Each structure stands twice: as C-alpha cells, then as structure tokens.
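Take a look at the structure below.
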Amino acid sequence: MKKNIKYLAILALGLVACESEFDNPIDEAGVYVSGDADFSKYVALGNSLTAGFADNALYTSGQENSYPNILSKQFAFAGGGEFTQPLMADDIGGFSNDPSVFGPRLVLSNGADGPVPVPYSGGQPSTDFTNKLTGFFNNMGVPGAKSYHLVAQGYGNVAGVAQGTANPYFVRFAQSDNTSVLADAMAQDPTFFTLWIGNNDILSYATSGGVGEDHNETGEQNPQNYGSLDITNNTTFASVYSQLVTTLTSGGAKGVLINLPQITSSPFFTTVPNNALVLDETQAASLTGFFQAFVGIATQVLASPPNNIPLAQAQAIAAQYAIQFNAGPNRFLIKETSPTNPFGFRQMTEKELLLLTIDRGALAQGYGSVVLSDEVLQVLGLLQMGGTPTPEQGALVINAVSAIEDKDALDSAEVAAISAARTSYNAAIEGLANANGLGFLDVATILDQAANGGFAFNGGTVTSDFVTGGGFSLDGVHPTPRAHAIVVNGLVKVIESKYKANIPTVGPADFGTITFGD
Amino acid sequence: MKKLLLLVLFTLVTVVTYAGGYRVSAQGQRALAMGHTGVAVVNSAELVFFNPAGLVHLENKLNISAGVSGIFNSVIYQNAELGLSSETDSSLGTPLNLYGSYKVNDWLALGLGVYTPFGSEVAWPTDWAGSYLVNNIELAAIYIQPVVSIKLSDYFSIGGGPIFVTGSVNFNRNFNPSLTDFEGNRSNITVDDSGVSNWGWSLSAMFTPTENFKLGFNYRSEIVLEAEGGEATFANFPDTPLLPVSNGTTTFDAELPLPAELTIGLSYEYNEKWLFAFDYNRQFWDVYSSLDLTFGNGASSLNRRNYKNSSVYRFGLQYEATSKISLRAGYYLDESPVQAGFFAPETPRNDSQGFTGGLSFAVTPKLAIDASFLYLRFEEIDASYDFGVDPITNEVVPFGGTYKSSAFAPGLGLTYKM
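Protein sequence lines correspond, in order, to chains F and E. Under the working numbering, read the first sequence as residues 16 to 533, first letter to last. Under the working numbering, read the second sequence as residues 2 to 419, first letter to last.
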C-alpha cells in the first residue's frame, strides 16, 4: 500500500503540472507599459479619417475599425481607459433626414462592365442627426471638419446645419449648441490625444475639381469668408493648428500629431488616367485631321468680324489647336480659361488628374475629345473635297469639341495649389510637434509608399489601387480598416519611441478591406 | 488501491484540460504504463498491436485486453508583439482498444484488434487570431486488424495481418484572416466526412534467444485515407459573384496519410520480478507533405505540412509486487515531425517527454484491472506557420507566437485470460 501512496503523489503532481502557463505570460503586469504617457483618458480629434468614415458614409463597423478605436484597444494593455464613440444607428450609414446628401455606404457590386461601387440597397439610413446622444465621446472625429471647424462655436448647433455653419455629425454629440469640438474634447480632461486635422482644408477643393478658391492666392485669412470648397490660407491653418495644440496640451496631456498625406495620390484622382483616350491608327488620323480642319476654321473665325485679328496673328493663335493624336493612349482635352486660348480648351498635361466621379460612359462617347455627329462629318468631308464651309458649318466643327469640365479634373495649377498648401500645413504640424515635445506621425510617407509600389506588412501589401489595393475604401479617398490598422502601427511606433511605452501592435492582415455587396 | 481507482475516476470527470495531437500513443494500458513499450514484451493480448509475433508465446489459450484512456490536452498560445493570447477549449479524447487472441496449437495463434492510433481534437476559440488556419478539428481513425502468429522455432516467431481503417474528419476554419459577410460574420468553411476507409498491413517478428531476453520487430504500413465526395459547407460569405466561392454545401476531396511506423525493441526479465523494456519507434511522417483540399465548387486549399520522419525512444519497467499486483513505470522522448516554419495550430506539436505509470490488480486469477497514467510534458516553443495563404490576395500570411502544450491521460483497462 505504501507504494500505491507514492503513485498517488506522482499522479497528483502530474495533475498540477498539467495546468499550462508561459514563462512570461503577456497578461502579467509590466509587460506592456505606458512609459511617460498616460492612456487613461484618450481623446481623438480629427475629421472623417478619425471618425472611421469609409465608403462614402459613416457606419458602425467603419467606426469600430477607426484607428482611434483600434489604438484604444492596444492602449488597454497599458492602462488605457474606456473608449467611446458616437456610433451611428446602423451599419448602413447616412442620415434618415437627409438621405440624398448623406446616403448609404458604397458596396462593391457586379456591374455590366465589371465590379462597380454602388450605394448599399439592402436598407435605408436610420440615423437621425437631430437625435442627440448623451454623454462625452472619446472619438471626436467629425466627418467634413476642416482645421478651423474644430474651434468654431456652434459647429454642433442643429439650427446651423441648413446654413452650413454646423455639421450634422457633430450635432449628434455636441454637449451644447454653442460649444466647439475642441471645447468638448477639453471638457473630458484628456490625458492623451491624437490630432489628425487639415485634410479637408485641401480635400474638398480637390474632390470638387478645384472649383473653389485658393485662399493662398486670394490672401483671405478669415475662415468666415471661406466657401466650403476653398483651400484654407496657410497662415490661417498654422494659427488654428497652434491654437489646437496649445489648448490640448494645456492640461499636461501628451499626444501625437499626424500630418497630411498627398491626397492627389489617392485612387479618387489616379483611377481614371488622363490618357485613357485609346485610339487605333484610323481613329488617330481622323482626330488629327479634325483638328487640322479646326485650325483652318479657327483662323477664319479669328480673322473675321467681330474679332478682325490680322491673319498672321490669327494663324499663330489657331496653331495651338493643331493637336496630334497617335495610335494608342492619348491625353484628353480639358477646358481652360485664358486670354491666349480663345476657344477655351487644350490637351491635358502629364501631371493633370481626372476625378473618380467623372462620367466614364461620356468619355467613351467623346467627352474629353470630339463628338463627331453626322453633320460634323459632312463638314469635314466638304473640307477634304477642297470646299469652303459656311460660318454655320464652321461653328458645328468648333462646337464638336467636348473638353472636360473644371469640376471633373484637376489641372496643373490646381494640383500645384493643393501641393503647396499641404507642404505648408505639414511644416506647421511637424514644427508644432517638435516645439511642444509631442509625437509626430509622418503618415504621408506611408501613403507615398502605398502609392509607389505598395506598403508591405507582415502578411501582405496595400497599394493605392482602387478596389483591389486594399488601402482605400470604395469612395477612393477614405482608408479601409486595414489602412487604419497600418496607421495604428505607425502611432504605436511613435508613442513607443517618444514616450518610452511598450504597446502591442496589430496585424493588418486581420483587418478587412472593401465590402462586397450585391 | 480503492483510493487510487477513485482518484483516477475523479480526474476523469473533473480535470478541465484539452485534447490534441495526431498520432496518439495509447494502445494498451499495460504498455502505456511502461512508457508505451511492448514490441518485445509478452504480457497480454495487447501484442496484437505491439507485436503479433509474440501472441503465440502467451501461456493461456484465450487472452482479452480492453482499455480506454481519457486524454486531456491543453494548448495555450500567445504573441507578445500583437498582444494576442488564446487557449484551446476543453474537450476529451478517448482512444479505445480491444484485443483478443486465441492459441490454436503450440505453434499457431490467431488474434483480432480494434484500436485508435491516430486522432486529433483541437478547438480554438472561434474567430481567434489563427482562425484562418483552424477554428476546430476532430479527426479519428479506427483500426480493425486480424492477425496470425506463428512460431517458426523455439527462438523465432513471426506475425502480422491486414488492417482495415475507417476514419472521420470534421474541420472548420475561416476562409482568410479578414473576410466577412455584410453583417460582419467571418466567412468560413467546414469539411465533414466519415466512413473513409482503406487497407493496410502489419508484419512482425520476435526473437527469444533465452527465457529472459526477447527482441521484437514490428512494422505497420502507411495507410492513406482518401476522402472523396465529403461534405464541405461554405458559410457567411458575402453575397457577391466577385468572389470565386459562395455560400452553400458542396463536396470535397482530400487525402490524409496515416504514416507507417517501425518499431524495434527488447525486453529483459530479471529475478522473475523485474522486467525492463526498450522500444524505438520510427514514424515515417515524411509522407505528410501537404494537406490539399479540392472542393466541388472549383475552389481548393493547399496547405503545406512538410513533416519529417521522427523517432520515439521508450523505456519501461515492471515490478511484480505481489502475486496480485504489478507496478509499472516508464518514460519516453517523442520527437516532433513538425519542422520549423510549419508549426500549424491545428496540430501544435513539438518535442515532448512522456512520464508514465500504472498497475495491474488481479481481481481473480483470470481477471485483472489495469490502470495507467501518462503525463506528456512539452517545452514552450516560439514557432510559426509561414505558409498560410490568403486566397483573396494570394499573399502568405504567417502566423506565429509562443505555444505551450501539456497532456494528461489516465486510463483503465481489463485483462482476461483463460
């Protein structure tokens, strides 16, 4: 029996040893630390990127995959507190009280010519922006907000929505009619913050094809006088941003400032190439012939009343319309207003961009080049036979040119205006980060990598290709959950080095990209 | 004695641990108690499995052995870089065995065995970090084997016979690391098949130069289970023609090899009370190079395994304490067939050391109760599976971290001889 007791002891030992445990379990204290930072009250300020807006709408699963929400879960390993978001009422997005402007999210559907993003049709938006949410929210990202909106009082006043002085997204969770985003953030006594603002100060101008005004050109510094599609003046931006940083750090909070990516490398501007006018040999010869005829007619028009320009000068002016087309891809024509360009169009140059929203069906029908009706062809035939067209017939040829409208393209001057403003904004952001001892995330470099060959992570790559790239949602501007995860890893790296913290990163492959739908 | 039995029963019902593995060495309570040695031990009808050539050496005309082990296996996982941690859900694996032998005359014995040398049961939390490799898997193979044992001389006998295998599998995993339907449910695939059968064989020999010293050899052939037309269920895929697959049930074909195993060993009896045994197993795992599934809807899933042949070194000791009680103990070193970079969480198996013990109690001269226990100790290991491919992006998504497994298996059996 003694021996049996020995075996009992061995048996019991075996049972105890069976409870597995790691030598260094990650749930042990001291594995993840916040360092010099304190994550107990994290507040995220920003615009649609911060809110988790994607696929042209704000919806719950997009919010759950916003970089601040993902980051808050990583913070939770190192003393991070609860993180709340002003969640929409559904996963469809949009507002029930204004569904034409704020519609459902885009899903990828199978169109006649392949996959195409379409608004989700499986349900209607059920979020009413006049329904106020109660309490404070850690995620203070407001879709559509520009830098100066964060300090604008009344930005959450429902009465201002119709006039455009308030934002329906902020209306939902503003603590009072007259408060500002910044004031509501400060009322939460944040211990840590992220600030990613300024994209919309150039983006709304860019996505509207540059129809707004560039206030670096006008010199206007008062945002009260800005239209919604304008570029914010650099000085205005720097001053507002400085005010934001000063206020946010006034209570001793640590944080990270995030710079602005090159928005014109997003799929919204790169998906439709400016040389998508693909011609065969005959078509190219015919178009070139058309513009030779155009030059002749234009010379006549310029030399005739009421212009009465001397013939040699008229010929010199008209010569700019002798556009050559070749077999293969050719650049489209866009409208241009210039005193030296009396007929108001020219061929696009290399760096000029077409918008994702351009009517691609129309492009195939001659938008961006020439709409050759039978009447026009008759006039061209007449010219070929050596005949002389009447002024009416000449007008038919002149009017056959269908150059791309300003709203559908960014010309080189507009691209330059956007780029100059962004460079200035980013200098201000980085300068303020350094001056205030804050973390600085250069997200622009990450996006540049995505746009130039791809940003690689453990388990894949994201590129800036529309639909297939994995980095951009179906609106071509806003990031996917996977891109948010990459931003989180960038933030973690900055926070670790700046504040001597240790926080786990995330696996971008575990985050989704676009939503398929039918 | 009663206390021990009570304790064994108690642990059977209360220990909350888990099951895993693919080759499960628990094919006899007496052998298991001795480190699962037995190729040169003439003791009971367990020889049907360990070495049919030895059956003819059993003293009694009729020998029956039956047993069952309860394998509690736990696997924990963590990844410090990503803050991930998981553990397998509790489940119980129960390898069974039933053997009988009948001595026809002095030189011929016949036998029959039913045993379960392969099986796996691993259940990770659904949608855990490695869910694109496995959520849960249940694998079972039942071997049914008639054997013949022939004494060729006083020193040499041979044995063997055909093996009929019937297997079943149920395996669920997510389609890739992130795909969901519109509602956010993860897209996943379940394959299920049972009654997958095939044939194999075993051949063995025993050399008995002296009364006290025996040498054994046993070879069990490889058997490939070929599932054809099994049921595959695709669930929670987004409703779109843009993906190559959609929701619904289709068929699948797959092959799972049950590798060949070669055993050589010896036993030495000392002073009529002590018996020492040593077995060397060579398991020919290199046949398991890939787990490839072909689905009826045109999709396929190729999973590289690249196992290598591995060895197990087993040591056992038996002591006849009284005429009624035999005590046993053993140890073995089990090398993992899994190579670096191929550590898949569906079979999270690294090198292990087995510590065994047990006893037999003769209730009557004919009937004995056998008890065994096994504690399998694994070192924690930093390992990864570097060959998981996202079927949408076709990019490799590695999955790694730190794993630690442990297993405990109490077992009970009966031996009857007449």
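Even glycine gets a Cβ: it sits at the ideal position worked out from N, Cα and C. From a predicted model like this one, the values you see are computed outputs, not experimental measurements.
Distance between residue j and residue i (C-alpha atoms, nearest Å)
i, j, result
"residue 194 of chain E", "residue 170 of chain E", "5 Å"
"residue 367 of chain F", "residue 379 of chain F", "19 Å"
"residue 409 of chain F", "residue 358 of chain F", "13 Å"
"residue 304 of chain E", "residue 50 of chain F", "42 Å"
"residue 513 of chain F", "residue 403 of chain E", "28 Å"
"residue 48 of chain E", "residue 368 of chain E", "17 Å"
"residue 388 of chain F", "residue 395 of chain F", "11 Å"
"residue 412 of chain F", "residue 376 of chain F", "22 Å"
"residue 463 of chain F", "residue 316 of chain F", "48 Å"
"residue 306 of chain E", "residue 97 of chain E", "28 Å"
"residue 370 of chain F", "residue 287 of chain F", "7 Å"
"residue 42 of chain E", "residue 339 of chain E", "30 Å"
"residue 342 of chain F", "residue 328 of chain F", "32 Å"
"residue 329 of chain E", "residue 271 of chain E", "15 Å"
"residue 521 of chain F", "residue 502 of chain F", "10 Å"
"residue 212 of chain F", "residue 430 of chain F", "20 Å"
"residue 414 of chain E", "residue 151 of chain E", "27 Å"
"residue 527 of chain F", "residue 238 of chain E", "13 Å"
Start-to-end residues for the beta strand (DSSP E) that takes in residue i
i, result
"residue 418 of chain E", "400 to 418"
"residue 536 of chain F", "No answer is possible for residue 536 of chain F: it lies beyond the span of chain F, which begins at 16 and ends at 533."
"residue 35 of chain E", "No beta strand (DSSP E) holds residue 35 of chain E; DSSP gives it neither H nor E."
"residue 350 of chain E", "Counting along the chain, residue 350 of chain E falls outside any beta strand (DSSP E), and DSSP gives it neither H nor E."
"residue 77 of chain E", "73 to 80"
"residue 269 of chain F", "269 to 273"
"residue 315 of chain E", "311 to 321"
Residues sharing a beta bridge with residue i, DSSP
i, result
"residue 122 of chain E", "E:139"
"residue 110 of chain E", "E:104 and E:150"
"residue 227 of chain E", "E:256"
"residue 350 of chain F", "F:360"
"residue 232 of chain E", "E:193 and E:252"
"residue 393 of chain F", "According to DSSP, residue 393 of chain F bridges with nothing at all."
"residue 132 of chain F", "F:123"
"residue 219 of chain E", "E:205 and E:264"
"residue 301 of chain E", "E:295"
Cross-chain neighbours of residue i in chain F, by beta carbon under 8 Å
i, result
"residue 79 of chain E", "37, 40 and 41"
"residue 180 of chain E", "527"
"residue 345 of chain E", "Those within 8 Å of residue 345 of chain E in chain F number zero; the least Cβ separation is about 16 Å."
"residue 391 of chain E", "474, 475 and 524"
"residue 135 of chain E", "Per Cβ cutoff of 8 Å: no residues; residue 135 of chain E is ~15 Å from chain F at best."
Closer than 7 Å at the beta carbon, the chain F residues around residue i
i, result
"residue 381 of chain E", "37 and 38"
"residue 185 of chain E", "76"
Where residue i meets chain E, residues with beta-carbon distance less than 8 Å
i, result
"residue 46 of chain F", "81"
"residue 142 of chain F", "Going along chain E, no residue has its Cβ under 8 Å from residue 142 of chain F, so there is no contact; the nearest lies around 17 Å."
"residue 125 of chain F", "241, 242 and 243"
"residue 537 of chain F", "The first residue shown for chain F is 16 and the last is 533, placing residue 537 of chain F beyond what the model contains."
"residue 455 of chain F", "The contacting residues do not exist; residue 455 of chain F stays about 23 Å from chain E at best."
Continuous alpha helix (DSSP H) stretch holding residue i: start and end
i, result
"residue 378 of chain E", "Counting along the chain, residue 378 of chain E falls outside any alpha helix (DSSP H), though it belongs to the beta strand (DSSP E) covering 368 to 379."
"residue 441 of chain F", "427 to 450"
Proximal residues of chain E, C-beta to C-beta of residue i below 7 Å
i, result
"residue 531 of chain F", "239, 241, 243 and 244"
"residue 78 of chain F", "What residue 78 of chain F touches in chain E: nothing, since even the nearest Cβ is about 12 Å away."
Contacts that residue i makes with chain F (C-beta to C-beta distance below 9 Å)
i, result
"residue 384 of chain E", "What residue 384 of chain E touches in chain F: nothing, since even the nearest Cβ is about 13 Å away."
Neighbouring residues, chain E, relative to residue i (Cβ below 9 Å)
i, result
"residue 339 of chain F", "Near residue 339 of chain F there are no residues of chain E at all, since even the closest Cβ is about 40 Å away, more than 9 Å."
"residue 519 of chain F", "80, 81, 82, 83, 84 and 85"
"residue 487 of chain F", "Within chain E, no residue comes near residue 487 of chain F; the closest Cβ sits about 15 Å away, beyond 9 Å."
Notebook entry, point to check: Hey, is the region 241 to 254 of chain E in contact with the region 273 to 283 of chain E, meaning 3+ C-beta pairs nearer than 8 Å?
Noted result: Contact between the region 241 to 254 of chain E and the region 273 to 283 of chain E is absent: fewer than 3 CB-CB pairs across the two stretches fall below 8 Å.
Checklist line | the region 501 to 517 of chain F touching the region 211 to 226 of chain E, judged by at least three CB pairs closer than 8 Å | finding: The region 501 to 517 of chain F is not in contact with the region 211 to 226 of chain E.
Next item on the list: Could you tell me whether the region 92 to 105 of chain F touches the region 245 to 252 of chain F, using the rule of 3 or more Cβ pairs below 8 Å?
Entry: Taking a cut-off of 8 Å for Cβ pairs, the region 92 to 105 of chain F and the region 245 to 252 of chain F do not touch, as fewer than three such pairs fall below it.
Note to self: Using 8 Å as the cut-off, can you tell me whether the region 369 to 389 of chain E makes contact with the region 337 to 351 of chain E, which would need three or more C-beta pairs spanning the two stretches below that distance?
What the structure shows: Contact between the region 369 to 389 of chain E and the region 337 to 351 of chain E is present: 3 or more CB-CB pairs across the two stretches fall below 8 Å.
Notebook entry, point to check: Any contact of the region 58 to 74 of chain E with the region 65 to 77 of chain F, i.e. 3+ C-beta pairs under 8 Å?
Noted result: Taking one beta carbon from each stretch, the region 58 to 74 of chain E and the region 65 to 77 of chain F have fewer than 3 pairs nearer than 8 Å; the two do not touch.
Notebook entry, point to check: Does the region 144 to 156 of chain F come close enough to the region 48 to 65 of chain F to have 3 or more Cβ pairs within less than 8 Å?
Noted result: In short, these stretches touch, since the Cβ pair count reaches three.
Note to self: Count Cβ pairs between the region 222 to 230 of chain F and the region 262 to 272 of chain F that sit closer than 8 Å; are there 3 or more?
What the structure shows: Touching, no, given that fewer than three Cβ pairs across the two stretches are closer than 8 Å.
Check: Counting pairs of Cβ atoms below 8 Å between the region 194 to 211 of chain E and the region 157 to 166 of chain E, do you hit three or more?
Finding: The answer is yes - the region 157 to 166 of chain E touches the region 194 to 211 of chain E, with three or more Cβ pairs under 8 Å.
Notebook entry, point to check: Any contact of the region 476 to 492 of chain F with the region 296 to 307 of chain F, i.e. 3+ C-beta pairs under 8 Å?
Noted result: Short answer: they don't touch.
Note to self: Is it the case that the region 76 to 96 of chain F contacts the region 170 to 182 of chain F, given that we only count it when at least three CB pairs across the two stretches are under 8 Å?
What the structure shows: The region 170 to 182 of chain F vs the region 76 to 96 of chain F: no contact.
Notebook entry, point to check: Can we say the region 182 to 194 of chain F touches the region 435 to 448 of chain F, given the rule of at least three CB pairs closer than 8 Å?
Noted result: No, the region 182 to 194 of chain F does not touch the region 435 to 448 of chain F.
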